[in-house]
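Notes follow the structure.
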Amino acid sequence: MIKSQGFRWSLVPILLVVAFAFLLAACGSDDDDDAESTPASPASPAATTPASTTAAATSPTPVPVTGEVVVFAASSLTNAFKEAGTRFEEKNPKAKVTFNFAASSALATQINEGAPADVFASADANQMKNVTGKGNAAESVIFAANLPVVVVPKSGSPVASFSDLAKPGVRLVLAGPEVPVGKYAREILANASKPAGGISADFAGSVLANVKSNEANVRAVLTKVQLGEADAGIVYSTDAAIATADVKVIEIPAAFNIIAQYPIAALKGAKNGAAARAWVAFITGPEGQAILAQFGFRKP
Amino acid sequence: MTSHLDRAASVTVVALGLAFAVFFVVPFVGLVTRALEEPDTWELLRASQVRQALTLSLWTSTVTVALALLAGTPVAYLLARVSFPGRSIVDALIDLPIVLPPTVAGVALLTAFGRRGIVGEPIEELTGFTFGFRTTAVIMAQLLVAAPFYIRAARSGFESVDVQQERVAYTLGASKVRTFFRITVPQASPALLAGVVLCWARAMGELGATLIFAGNFEGKTQTMPLAIISAFEGSTLGVAGAIALSLILLSTALAVLVCFRLATGRGGRQ
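Here the protein sequences come in this chain order: A and C. Residues 1 to 300, numbered by our numbering, are exactly what the first sequence covers, in order. Residues 1001 to 1270, numbered by our numbering, are exactly what the second sequence covers, in order.
Structure follows, in C-alpha cells:
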C-alpha cells in the first residue's frame, strides 16, 4: 500500500510536465482536427481540389464544404463578410467560417509571418501584392469596389465640404499611410493638388498638416469621428453607411476620388484548401455579390 | 514513504520550474536572434520615426513618474498613516487601474476628458482646449495606468517604517518635515525606488489607453509601443522595425532592472 502510493507519486512530475506541454499545444489541436476532417468529406479530395473553384463559381450547388475556413479580411468588410459567413454556413452545415478583421496591411504582415489563414481579402492591390510577392498566394480576383468618402460628426464640425479639410484647425483623422484607406486618402489629396483641375497646389500639404492621428484601420477612423473626437475622417461609403446615426457623409469630388478595388485569394499555406476555394467562389459568385451589394459595395 | 514523497515533490518542482523557465526565456531568445538576423536592424534603429518614438516615450514616462511622485507620495503616506473616512474606498480606487485592462482606462479617459466627455466638453466650451491627440493625453493615460504601482509600493514602504524612530526624532526637536525627509524617506527608500521603477516601466509600456485616448501620431502621441504596433501593422518600418524597436525596449528594461538591483543591493547592506 505504502509502496504503491510512493510509486504513484513519482509519476506526478512526468504527468505534470506532459500536462503542461499538452496545455500549451491545445490551441493548435482544433486545426489538426479540421485538416483531418477535410479529406473525409463525401467527395474524394482529388476530385474536390482542382474542380471546386470553377465548379462552385458556375454551378448553383457546389460540393459541400467541411471544416474550418479562416478568412483574413479588410476591416471595411466586417459587416458584409459576417453576413456572408452566416449564409455560407447555412449552405455548408459542416463548415465553420472564422474571421480575422484588421487593416489589410496588418493582415498581410501577419500572413507573411506565418499566421494560419486560408483566405485573404484585401482592400487594395498593394497589400495583396505583398502576399503574392512572398509566394503566399498564387493569384487573386477582384471581387468588390468601394468609394472613399469624408465623414464628419452629425453636429459641430467645421467641415462642410471637401475643400474645408484644408481649413486651419480642423481635427482630421486618417488611417495610417500603409493602411489601404489611408493610402487612398493621400492619393485623393494628391489628385486635388494637381495643377490642372486641382483645388490648389498646397491643398494636400494643408490637409495633411491637420492630421491628428494615423489610426490602425478604417473602423478606428470611423469611431474617432463617431465619438466627436475628430472633426472629419476619410473612410469608405460602406463604413459611413453603418454609422448614419452619428456621422454625415461629404462626397469627395469624382475628379479627385479613387475607386478602391478589393482582391481576394485562397492562400497557398491554407490548411483547408478546399474550403478556402469554396469561400472565394461563394464571395465571387451571385450570392456573395448580392450580399456585398446589400452592404453598399460596388461591382468590381 | 516521506523520503519518496519528498523526492518526487522536489523533482516535480524542479521539472515544472525548468519548463517554465524555458518558456520565459525562449521568446526573448527569439526576439534577439531575429533582430541579429535582420540586416536592417542597425539602420532602423537610427530611423527618425524610431528616434521620435524613443524620445517621446522617455520624456513622457519621466513626466509621469515625476507627477506620480509629487501627487502619489502624499496619498501613499496618508493611506499608510492616517485613518480617515473612506480610506478603504480610496485604497480600492487606487488598485482599480492595476487590475483593469488599460483599454478600459482609455475608454474611461475618453468618456471623461474626450470632446463629448463629462469634463472635456465644458473645458472645451470655456477655454477651447481639447485633450485628445496631444502629448498631454499620452501622459494622462500613462499616469492613470502607472501611478497606482508607485502608490502601492510607497504605501507599503511607509508602513514598514519604524514609527518609534520618528517619535524619537520629534522628541529630539526635529520638525515633521525634517523627520519625514531624514527618517521616513530613507527607511522607505527601497520600496519607493521599487515603486518608481514599476511605475516608469508601466508608463513606458502603455499602449491601450494611449491608442484610444491620445491617438497615434509620430512625434506627438506615438510612443514606442504604438510605433511597434504600427510597424507590425505595416508602417514603413515593417516587421524588422517592430523587432528593432522591441530590442530597444528590451535592453532598456534590462538596464533599468540591473541598475535597480545594484541600487537596492547597496541599500540593503547599509
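Cβ atoms here follow ideal geometry from the backbone N, Cα and C, with glycine treated the same way.
Just curious, the beta strand (DSSP E) that residue i is in, first and last residue?
i	result
threonine 1171/C	Premise fails: threonine 1171/C lies in the alpha helix (DSSP H), 1163-1171, not in any beta strand (DSSP E).
threonine 98/A	95-102
glutamate 68/A	67-74
leucine 147/A	Where leucine 147/A is concerned, there is no enclosing beta strand (DSSP E), given that its DSSP letter is neither H nor E.
alanine 232/A	232-236
lysine 248/A	247-250
Is there a Cβ of chain C sitting closer than 9 angstroms to that of residue i, yes or no?
i	result
leucine 292/A	no
asparagine 112/A	yes
asparagine 191/A	no
asparagine 100/A	no
asparagine 79/A	no
cysteine 27/A	Confidence is the limiting factor: at cysteine 27/A the pLDDT is only 46, short of 50, which leaves the residue's position unreliable, though a coordinate-based value still follows. Not an interface residue.
arginine 186/A	no
arginine 171/A	yes
asparagine 92/A	no
serine 59/A	With a pLDDT of 43 at serine 59/A, under the threshold of 50, the predicted position of this residue should be treated as unreliable, though the coordinate-derived value follows. Serine 59/A does not count as touching chain C.
glutamate 178/A	yes
threonine 109/A	yes
serine 75/A	no
threonine 38/A	Residue placement at threonine 38/A is poorly supported in this model, since its pLDDT is 37, which falls under 50; the coordinates are not used for a value here.
Cβ of residue i less than 9 angstroms from any chain A Cβ?
i	result
leucine 1110/C	yes
serine 988/C	Absent from the model: residue 988/C. The displayed extent of chain C is 1001 to 1270, so no value can be given.
glycine 1208/C	no
threonine 1135/C	no
leucine 1211/C	yes
glycine 1215/C	yes
glutamate 1159/C	no
glycine 1173/C	no
serine 1221/C	Position check: residue 1221/C holds threonine in this sequence, whereas serine was assumed. Closer than 9 angstroms to some Cβ of chain A, the Cβ of threonine 1221/C qualifies, so yes.
glycine 1205/C	no
threonine 1130/C	yes
Rounded C-beta distance between residue i and residue j? I'm assuming under 8 angstroms.
i	j	result
isoleucine 111/A	asparagine 136/A	6 angstroms
phenylalanine 72/A	alanine 117/A	4 angstroms
alanine 1141/C	alanine 1214/C	6 angstroms
valine 1196/C	tyrosine 1150/C	6 angstroms
alanine 175/A	asparagine 214/A	7 angstroms
glycine 1234/C	serine 140/A	At roughly 18 angstroms, the Cβ-Cβ gap does not stay under 8 angstroms, so glycine 1234/C and serine 140/A are not in contact.
isoleucine 1228/C	glycine 1106/C	Going by Cβ atoms, the distance from isoleucine 1228/C to glycine 1106/C rounds to 17 angstroms, so no, they are not a contact pair.
valine 1161/C	glutamine 1187/C	5 angstroms
alanine 304/A	asparagine 217/A	Nothing in the structure corresponds to residue 304/A, since chain A is present only between 1 and 300.
threonine 1060/C	threonine 1223/C	6 angstroms
threonine 1236/C	threonine 1221/C	Not really, about 18 angstroms apart at Cβ, beyond 8 angstroms.
threonine 238/A	phenylalanine 143/A	Contact flag wrong, Cβ pair sits at about 14 angstroms.
valine 181/A	alanine 123/A	7 angstroms
alanine 95/A	tyrosine 262/A	The pair is not a contact, with the Cβ atoms about 22 angstroms apart (cut-off 8 angstroms).
leucine 1031/C	leucine 1250/C	6 angstroms
Would you kindly report the start and end of the unbroken alpha helix (DSSP H) that includes residue i?
i	result
threonine 88/A	Residue 88/A is actually phenylalanine in this sequence, not threonine. First-last of the alpha helix (DSSP H) with phenylalanine 88/A: 78-91.
phenylalanine 282/A	273-284
glutamate 1121/C	1120-1127
lysine 268/A	It is not in any alpha helix (DSSP H) - lysine 268/A carries neither H nor E in the DSSP assignment.
glycine 1072/C	1048-1081
lysine 224/A	218-226
isoleucine 1094/C	1087-1099
alanine 121/A	Note, alanine 121/A: premise wrong, no alpha helix (DSSP H); beta strand (DSSP E) at 119-121.
lysine 129/A	125-133
proline 1102/C	1102-1113
leucine 1044/C	1041-1045
Residues of chain B with a CB under 9 angstroms from the CB of residue i: which are they?
i	result
serine 105/A	Of the chains in the structure shown, none is chain B; the protein chains are A and C.
| request: Would you list, in chain order, the members of the stretch 1030-1060 of chain C that have their beta-carbon closer than 8 angstroms to a beta-carbon of chain A? | output: none
| request: Closer than 8 angstroms, Cβ to Cβ, to anything on chain A: give me those residues from the stretch 1233-1259 of chain C, in chain order. | output: Glu1233, Gly1234, Ser1235, Thr1236, Gly1238 and Val1239
| task | Taking only runs that begin and end inside the stretch 1145-1230 of chain C, name each unbroken alpha helix (DSSP H) of 4 or more residues, in chain order. | result | 1163-1171, 1176-1179, 1185-1205 and 1208-1213
| query | What are the residues of the stretch 123-156 of chain A that lie near chain C, defined by any Cβ-Cβ distance shorter than 7 angstroms? | reply | none
| request: Mind checking the stretch 1087-1117 of chain C against chain A and listing, in chain order, the residues whose C-beta falls within less than 8 angstroms of any C-beta there? | output: Leu1110, Gly1114, Arg1115 and Arg1116
| Between the stretch 212-245 of chain A and chain C, which residues of the former have CB atoms less than 7 angstroms from a CB of the latter, in chain order? | Lys212, Ser213, Asn214, Glu215, Ala216, Leu227, Gly228 and Glu229
| request: Entirely within the stretch 144-214 of chain A and at least 4 residues each: give me those alpha helix (DSSP H) ranges in chain order. | output: 180-191 and 203-209
| field | Short-range partners of chain A found in the stretch 1167-1192 of chain C, where Cβ spacing is below 9 angstroms | value | For the stretch 1167-1192 of chain C, the beta-carbon criterion of a distance under 9 angstroms to any beta-carbon of chain A is satisfied by none of its residues.
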